[in-house]
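S.K.: Here the protein sequences line up with chains A and B, keeping their order. When we follow the numbering used here, the leftmost residue of the first sequence carries the number 1, and every step to the right adds one. When we follow the numbering used here, the leftmost residue of the second sequence carries the number 1001, and every step to the right adds one. Using N, Cα and C, we set each Cβ at its ideal position, and we do this for glycine too.
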Amino acid sequence: MSLVLEMRDVAFAWKKGHGVLKGLSVAVKRGEHLALLGPNGSGKSTALSLCAGLYRPDTGSINWYFNGLALAPNDARARAQFGVVFQHPSLDKQLSGRDNLILAGHIAGMARSGINARVAEQLAASGLAARADDRVKTYSGGMRRRLDLARAMMSEPQALLLDEPTVGLDAEAFDRFWQHLGALRSSTDLTLIVATHRPEEAARCDRLVMIDQGRAVHDGTPEATLRALGQDLLALRAEEPEEIAGLVTARLGLVARVNGPGETICEVPSGEDGARLLVKVVELFPSGRLQAIELRRPTLGDAFLKLTGAQLGQDVAQEAA
Amino acid sequence: MISVSSDAAPAAVPVLDATRRPELGLIIGLARRDLMRLRRDTARWLGLVLQPLLLWALLGSGLAAVFAVPGRPDVDYHHYFFPGLVVMIGLFTAIFATMAVIEDRDHGFLQQVLVAPGSRTSMVLGKVLGVLLIALVQFVLVAPAATLAGYDLGAIAWGPLVVGYVLGVVALTGLSFSLAWVSRTASGYHAIMGILLVPLWLVSGAVFPLPGHGFLGVIGYADPMTYMVDAMRHGFDGGSASLAFTTPVVSFTALAGLAVFAVLLAAFVARRPVGGLA
Chain A
1 MSLVLEMRDV
11 AFAWKKGHGV
21 LKGLSVAVKR
31 GEHLALLGPN
41 GSGKSTALSL
51 CAGLYRPDTG
61 SINWYFNGLA
71 LAPNDARARA
81 QFGVVFQHPS
91 LDKQLSGRDN
101 LILAGHIAGM
111 ARSGINARVA
121 EQLAASGLAA
131 RADDRVKTYS
141 GGMRRRLDLA
151 RAMMSEPQAL
161 LLDEPTVGLD
171 AEAFDRFWQH
181 LGALRSSTDL
191 TLIVATHRPE
201 EAARCDRLVM
211 IDQGRAVHDG
221 TPEATLRALG
231 QDLLALRAEE
241 PEEIAGLVTA
251 RLGLVARVNG
261 PGETICEVPS
271 GEDGARLLVK
281 VVELFPSGRL
291 QAIELRRPTL
301 GDAFLKLTGA
311 QLGQDVAQEA
321 A
Chain B
1001 MISVSSDAAP
1011 AAVPVLDATR
1021 RPELGLIIGL
1031 ARRDLMRLRR
1041 DTARWLGLVL
1051 QPLLLWALLG
1061 SGLAAVFAVP
1071 GRPDVDYHHY
1081 FFPGLVVMIG
1091 LFTAIFATMA
1101 VIEDRDHGFL
1111 QQVLVAPGSR
1121 TSMVLGKVLG
1131 VLLIALVQFV
1141 LVAPAATLAG
1151 YDLGAIAWGP
1161 LVVGYVLGVV
1171 ALTGLSFSLA
1181 WVSRTASGYH
1191 AIMGILLVPL
1201 WLVSGAVFPL
1211 PGHGFLGVIG
1221 YADPMTYMVD
1231 AMRHGFDGGS
1241 ASLAFTTPVV
1251 SFTALAGLAV
1261 FAVLLAAFVA
1271 RRPVGGLA
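(1) Can you tell me whether Gly1154/B is buried or exposed, with buried defined as 16 or more other CB within 10 angstroms of its CB?
(2) Suppose you measure from the CA of Leu1053/B to the CA of Ile1219/B; what does that come to, to the nearest Å?
(3) Where DSSP assigns a beta bridge to Phe82/A, which residues make up the other side?
(4) Beta-carbon separation of Met1099/B and Ala1180/B under 8 Å?
(5) Under 7 Å between beta-carbons, which chain B residues line up against Pro89/A? List them in chain order, please.
(6) So what does DSSP say about Trp374/A, is it helix, strand or coil?
(7) How about Val1069/B and Tyr1080/B: do their beta carbons lie closer than 8 Å?
(8) What does the Cβ neighbour count give for His1213/B, buried or exposed, with the cut at 16 atoms within 10 Å?
(9) Sort out for me which residues DSSP pairs Val26/A with in a bridge.
(10) Taking C-alpha atoms, which residue in Ala72/A, Arg207/A, Arg79/A lies nearest to Gln158/A?
(11) Please go through the segment 210 to 234 of chain A and give each complete alpha helix (DSSP H) segment of 4 or more residues, from N-terminal end onward.
(12) Would Gln1111/B pass as an interface residue toward chain A - the criterion being a Cβ-Cβ separation below 8 Å?
(13) Between Leu305/A and Tyr139/A, what straight-line distance do the alpha-carbon atoms span, to the nearest angstrom?
(14) What three-state label does DSSP hand Tyr983/B in the structure shown?
(15) From the DSSP secondary-structure annotation, give me the bridge partner or partners of Leu1125/B.
(16) Classify Phe1092/B: buried if its beta carbon has 16 or more other beta carbons within 10 angstroms, exposed otherwise.
(17) Under a three-way DSSP split, which group does Asn40/A fall into?
(18) By Cβ distance below 6 Å, which residues in the same chain neighbour Ala245/A in space, the five residues on each side in sequence not counted?
(19) By how many angstroms is the C-alpha of Val1140/B removed from the C-alpha of Leu1363/B?
(20) To be precise: take each residue of the segment 1018 to 1037 of chain B, compare its Cβ to all Cβ atoms of chain A, and keep it if any distance is under 8 Å. Which residues remain?
(21) Spell out whether any CB of chain B is found under 8 Å from the CB atom of Val217/A.
(22) Among Val1170/B, Leu1264/B, Phe1236/B, which one has its Cα closest to the Cα of Met1225/B?
(23) Find the nearest neighbour of Pro1022/B within the set Leu1114/B, Leu1200/B, His1234/B, judged by alpha-carbon distance.
(24) So with CB distances below 8 Å, who are the chain B contacts of Lys93/A?
(25) Can you tell me whether DSSP reads Leu1277/B as helix, strand or coil?
(26) Which residue or residues does DSSP assign as beta-bridge partners of Ile193/A?
(27) What residues from chain A crowd round Leu1114/B, counting only those whose CB sits closer than 7 Å?
(28) State the CB to CB distance for the pair Pro73/A and Gly53/A, rounded to an integer number of angstroms; the pair is presumed to be in contact (CB under 8 Å).
(29) In chain A, what lies closer than 8 Å to Arg1072/B by C-beta?
(30) Please confirm if Phe86/A has its CB atom under 8 Å from at least one CB of chain B.
(31) Cys266/A by DSSP, collapsed to three states: which one?
(32) How about Gly1047/B: is its C-beta nearer than 8 Å to some C-beta of chain A?
(33) Name the two residues that bound the continuous alpha helix (DSSP H) containing Tyr65/A.
(34) Taking Leu95/A as part of the beta strand (DSSP E), name the residues at either end of that continuous run.
(35) Pick helix, strand or coil for Gln311/A, following the three-state DSSP scheme.
(36) Report the option in Thr299/A, Leu192/A, Leu36/A, Glu6/A whose CA atom is closest to the CA atom of Ala27/A.
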């Protein structure tokens, strides 16, 4: 399968000595849905901005491949072929949803004759036809996201860059947004590159690249990533997670990690009965020491924690740089 | 991370759809947006006409007894101030409309423009065209009031007047856009406008006659808005006004040069980062 985008050894710093990306290499195949998974500040949004041509890498190269040509991100021919959904919807809230899509058609350089039909198509696809003439400022967060996606799809792009597209959405709006993306996938050969810190979002993609401190630390399918993590996990809630992790490791020989304030994660060893181990852990501590304990399947967030020692929900200090 | 061979063999096949027109599309899109916003927010734009008109009416009445142009006892303040009022409307429109650049940056709209296939120059041209269209609507609304200022609508040189107004608004928009682009906040932009463009309007001969010599005279020649005020005076007075600081040739030539310079400046400035964006 051919490539649509390739980042090779890309480094970028907002200011000298504060590198956000430190030699990131990612290749994306045509039609693939790729997640760049990492916590805030890991560099994934910056990577997307570089792919969109908003900035230029300090070193390394980024190329889009369309119709047999290798194109730089700021090449107008490349920009005509990819769309971007930004972390904050790129909409004019004073105007209606319909007006925003009409504008997007013009801005993308579409012929006037084709704009109205495409607007109607996108409004129907995003489920916003009934509210098309209302001002965007009256839309809910989920509706704005869907409209922003429709805006990015106005020019019928071959690839779409999505930067934290569901941030701030509740579960229902999240599902609806991804249903919409799923429908797009079934009807087009659209390539998606999604920067996200949400494991459940990355799990919906074909492949994920985990980014930590500006570097790719893992590349694989969500399924293979979870398989590699192995068995179930025990999640322990307690006031002193470091101490809990140390005790569990010392007394029961389990691999344990602190997962943020108040939580310790223990891996259930292969061949061990998770339920039986749960009882052993409960018996290890005096009554009241553990606030809660749960036996669950590992998530991509657990995989990230295992690989990097960092949580996905955690802000990384370099973001401020 | 993965090794997949690319299909990027050099080819002469144009990627861009032949039916697409990214530059024209961006210009039309941005200009159209300003008109859409005018339609959605008519009161705001009418306010930019009514406020100067009110100021003109009150100042004209208040200063009637004390204002006099040396050697021109026939000129009252309503008459004198009217060309300056028209410039003020163009100036306010340019300031408010280009302030949207900062709002767009803060609220996200600008991002879709920055990743569009069209160039930054087209972005500037689209913005300038949008502001110009709004300013022309306002001009149509305010021009009939010239009769109240003692101008004969039939004697006005409409061609030069409109040309001067268009050139002036283009120049003011280009300058305002450049300042908005480099301003980090809306309040910072307001401050720059307050200490730069508004004072320039005050010393342009719009509010009081400029002396031909001395400190104010030098400022008058250096002030780009002087040429717009003079172009308005020439237009309203049938092609050549004795109240103008400069001749019609000088004012229109300077204004045309200024308009070109301001647009080029805006296109140049727009190539650099805006706030946190590239």
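M.R.: A quick look at the data gives this:
(1) exposed
(2) 26 Å
(3) Ala159/A
(4) Closer than 8 Å, so yes.
(5) Gly1108
(6) As shown, chain A starts at 1 and ends at 321. That puts residue 374/A outside it, with no answer to give.
(7) yes
(8) exposed
(9) Met7/A
(10) Arg79/A
(11) 222 to 229
(12) With a threshold of 8 Å between beta carbons, Gln1111/B makes contact with chain A.
(13) 36 Å
(14) Chain B is shown only over 1001 to 1278; residue 983/B falls outside these bounds and no answer can be derived.
(15) Under DSSP, no beta-bridge partner is assigned to Leu1125/B.
(16) With 16 or more other Cβ atoms within 10 Å, it is buried.
(17) The DSSP-derived three-state label of Asn40/A is coil.
(18) Ala256, Val258, Thr264
(19) Since the first residue of chain B shown is 1001 and the last is 1278, residue 1363/B is not available in this structure.
(20) Thr1019, Arg1020, Arg1021, Pro1022, Glu1023, Leu1024, Gly1025, Leu1026, Ile1028, Gly1029, Leu1030, Arg1032, Arg1033, Met1036, Arg1037
(21) no
(22) Val1170/B
(23) Leu1114/B
(24) Those are His1107, listed as they occur along chain B.
(25) Residue placement at Leu1277/B is flagged as unreliable, the pLDDT there being 44, under the threshold of 50; the coordinate-derived value follows with that caveat. Correct three-state label for Leu1277/B: strand.
(26) Leu34/A, Leu161/A
(27) Leu54
(28) That pair is a contact at about 3 Å.
(29) Ordered by position in chain A, no residue passes the 8 Å Cβ test against Arg1072/B, which lies about 46 Å from the chain.
(30) yes
(31) strand
(32) Closer than 8 Å: no.
(33) Per DSSP, Tyr65/A belongs to no alpha helix (DSSP H); it is in the beta strand (DSSP E), 59 to 66.
(34) Counting along the chain, Leu95/A falls outside any beta strand (DSSP E), and DSSP gives it neither H nor E.
(35) In the structure shown, the three-state DSSP call for Gln311/A is coil.
(36) Restricting attention to Thr299/A, Leu192/A, Leu36/A, Glu6/A, the CA atom closest to the CA of Ala27/A is found in Glu6/A.
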